[in-house]
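Accompanying notes for the structure given below.
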Amino acid sequence: MNATFRRDVFFSFFMFTADLRPQDPGYTQILIRHLKALTDMGYDGFDVHIASQPPTVDHKLEVDSYIGLRKAFDQAGLQEAKFTTNVGTTRTFDPTSPYEEQRKQALSYLKSRVDITRVLGGDSIMSGPFLYPYGVFPATDTDEPLWSDALQDWMKPRYHAARSVFEELSEYAAARGVQLAIEPVKSWETPPPNMVSEVLDFLDSLRHAQGGVTIDTAQVVMESQGPSVFKDNIARAVRQDRLSYVHISAPDRGAVKDSWIPWDIILNEIEPVYRGPYLIEVFNAIPPFDSSMRMARRRFWRPGEDDPVPGVDSAYDVARAALAELREHTT
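Residue numbers (numbering that gives the first Met the number 0): 0 to 330.
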């Protein structure tokens, strides 16, 4: 790697929340305290989840609320803080829907998330499982779930239906300096795309697509097609300028220090060819993650939000150790 290149390292706010609650001034002050503490540790930026609201909520009002949130961050002395966003689609806002009106709703929803990403982070990245609605498993008319070949066959027309949405979305995002990075997520959490190759195949089907893929180490360990295919996928993404974001996350979504992260893949396959930020992503055992991800491990207590727990690491302890671990392996 070029000795003059300095890699940005971001931290995921999944440690603290899945909803920034931008219209809640009291909670904004809690966010500011976390941001300042993590900045002091040495983090360059942050990844924040943009929570979906009821379908009746005006997207412009949502965007305006994040304009106010960014202004509050700036007034608190966080003008230099960088942000990427995590976005998922929903059963209502489904770009793969067979119904044109629903796809239009999904496009409007996704455009609003591009706008929010621009408001918070400027020239930034919108990442996440925003192709097929996260966690929405299909079933037959008799309520029998679809798996294996039946699920793969069911997905084909859904991918096809989403093409026009993503062609327009990619142009919209590019015009605003926002990079789209679709994240494949393992199959026990959500239907396809579950593999890096499935995201790349979808992007290949689009006209003039400017989107990319997110590589998440936890997803690679828990569900991938093996080291040789992964190497081919990395080379393919780099060749097409689609390696957009890299998440460093343990398989159990807990502490990064001394975890089963494939550092050899990061160092040998990703580090030489990727110039974007690394995101340290820890899912804390807080709602909705504790139930949706069936977490049995104890919560990392959040300073200023939870009572200290003797003998249990705080969120800040985990964040500090993760940054040291990453730097040890990559510098």
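Quick reminder that beta carbons are idealized off the backbone N, C-alpha and C, glycines included.
Note that this is a predicted model, so its numbers are computed, not measured.
Check	Outcome
Boundaries (first-last residue) of the alpha helix (DSSP H) holding T27	P24 to M40
S291 versus A17, M125, P226 and T27, residue with shortest Cα-Cα distance	A17
Complete beta strand (DSSP E) runs within the stretch 207 to 272 (minimum length 3 residues, chain order)	211 to 215 and 242 to 247
Touching by the beta-carbon criterion (3+ pairs, under 8 Å), the stretch 27 to 46 and the stretch 259 to 273	no
8 Å Cβ shell around M0 - same chain, five flanking residues per side excluded	Low per-residue confidence applies at M0: pLDDT is 46, beneath 50, and the placement is therefore not dependable enough to give any value.
Bridge partners - W300, DSSP secondary structure assignment	S313
Sheet register partners of P144 (DSSP bridge)	A138
8 Å Cβ cutoff met for G176 and D122	yes
T83 - DSSP class collapsed to helix/strand/coil	strand
Exposed unless 16 or more other CB atoms sit within 10 angstroms - verdict on P286	exposed
According to DSSP, residues forming a beta bridge with G127	I181
D18 (DSSP reduced to helix, strand or coil)	coil
Straight-line Cα distance separating A314 from W259	19 Å
Beta carbon of A321 nearer than 8 Å to that of A254	yes
CB of S169 within 8 Å of CB of Q209, strictly	yes
For M194, the nearest candidate out of E167, L325 and Q224 (CA to CA)	Q224
Length of the line joining the Cα atoms of E332 and D43	The chain is shown only over 0 to 330; residue 332 falls outside these bounds and no answer can be derived.
Run of the alpha helix (DSSP H) containing D46, from where it starts to where it stops	No alpha helix (DSSP H) contains D46, which is instead part of the beta strand (DSSP E) from G44 to H48.
Inter-stretch contact (C-beta, 8 Å, three-pair minimum) for the stretch 86 to 100 and the stretch 128 to 139	yes
According to DSSP, residues forming a beta bridge with Y277	V8 and V245
Cβ contact (3+ pairs, closer than 8 Å) linking the stretch 9 to 27 and the stretch 67 to 85	yes
At least three beta-carbon pairs within less than 8 Å, the stretch 61 to 70 to the stretch 112 to 128	yes
Residue-level contact to chain C via CB, F12, 8 Å cutoff	In the structure shown, chain C cannot be found, because there is only a single protein chain.
Cβ shell of L202 (< 7 Å), same chain only, five flanking positions each side left out	A208, G210 and R241
Outcome for F229 when other beta-carbon atoms lying within 10 angstroms are tallied against a minimum of 16	buried
Simplified DSSP assignment, three categories, for T330	coil
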